[in-house]
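Take a look at the structure below.
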Amino acid sequence: MDELLWEPSLESAEIGVSVNDGVITLSGTVNSYTKKLAAEKAAKRVKDVRAVAMDIEVHFLNGESRSDTDVAHAGLNALSWSTVVPKDSVTMKVEDGWLTLDGEVEWQYQKQAAENLVKDLQGVKGVTNLIRLRPVPTRSIVKDNIRKALERSADVEADSINIVAEGHNIILQGKVRSWGERNEVEKAAWATPGVVNVKDDLIIAP
C-alpha cells in the first residue's frame, strides 16, 4: 500500500496489507505502539476505505521491553510534568504493557493530551483512554443556579437582579441596596460551577 511507503516512521516490509470490499486488514509486527498507530492512520487515508482491521502486534526488540511497574512510573512522571493535564486528575493501570487511563477532566484537549503523553513511552503496547469529560453546565443551568443562590440569601433582593450568561461568562445587571448586597451577588455568581468570569454592572440604589 503506497500510503505506508509515505509514512516516515514505518518500514512497509514490516506490515502485511489485504483489502476486501473496502476493509483493509493490517498484519505483522512493529516495535512500538507509535508505529502501530501510524499504520492505522495511513490506512485510513486510503480512498474508499470503510473500515480498518488491526492485526498488527507490538513486539519489542532486545533491550526495549519494560516491566509494567517501569511503564507505570514513566507514565505518572510524564503526566506530572504536564501543564495541560490537571494534577491528580488521571489514574492509570498497566497490564502486560497495555496502559489504561482513567479519571475526569474538563476538556477534550486535556483527555487527548494525557494519551499523547504516554503513548510514545518505551514499553507501551497500547493505550485505552477511559478518561471522562466533566459535564459543563449549560447557560440556562448556570443562570438558574445563580438565581437560586440569590433567592436563598436573606441579604439579597433577587427580583432586582438580571443575570446574563454568555458562554461561561456572567454579566450582573440591576439594582442593589448596598455594597454588601453587591458583594453577595457577585460572590454567588463566582461560586456557581461553570462560571469563569463575572462582570459586575450592578448599580447601588439605596
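Here our numbering is used: the first residue of the sequence shown is 1, the next is one more, and so on.
Just so it is clear, CB atoms sit at the ideal spot from N, CA and C, and this is done for glycine as well.
Looking only at Val156, Glu157, Ile171, the smallest Cα-Cα distance to valine 142 is reached by Ile171. Residue pairing of serine 65 in beta bridges, as defined by DSSP: absent, with no partner found.
Sequence-distant Cβ neighbours of arginine 139 in its own chain, meaning closer than 6 Å and more than five residues away, are Ala165. The C-beta distance from threonine 100 to threonine 83 rounds to 23 Å, too long to meet the 8 Å contact threshold. As a beta-bridge residue in DSSP terms, glycine 174 pairs with Ile161. Its chain contains no residue whose beta carbon lies nearer than 7 Å to that of glutamine 112 once the 5 sequence neighbours on both sides are disregarded. Residue state for lysine 199 is assigned as strand, using DSSP reduced to three classes. For lysine 125, the secondary structure class from DSSP, reduced to helix, strand or coil, is coil. Taken in chain order, the whole beta strand (DSSP E) runs of length 3 or more contained in the stretch 81-142 are 90-95, 98-105, 126-129.
Annotated three-state conformation of alanine 191 is coil, per DSSP.
If you ignore the 5 residues before and after isoleucine 163, its C-beta comes within less than 6 Å of the C-beta of Lys143, Ile146, all in its own chain and listed in chain order. Separation of glutamate 40 and histidine 59 (C-alpha to C-alpha, rounded to the nearest whole angstrom) is 17 Å. Serine 27 is bridged by DSSP to Gly16, Asp55.
C-alpha of lysine 47 to C-alpha of tryptophan 81: approximately 39 Å in a straight line. Nearest neighbour of glutamate 106 by Cα position, chosen from Lys187, Ile15, Val136, Gly97, turns out to be Val136. A residue is called buried when at least 16 other Cβ atoms come within 10 angstroms of its Cβ; alanine 188 meets this threshold and is buried. Checking the DSSP bridge columns, you'll see glutamate 151 has no partner listed. With contacts defined as CB atoms closer than 8 Å, threonine 34 and aspartate 120 qualify as a contacting pair. The C-alpha of tyrosine 109 lies about 15 Å from the C-alpha of aspartate 102.
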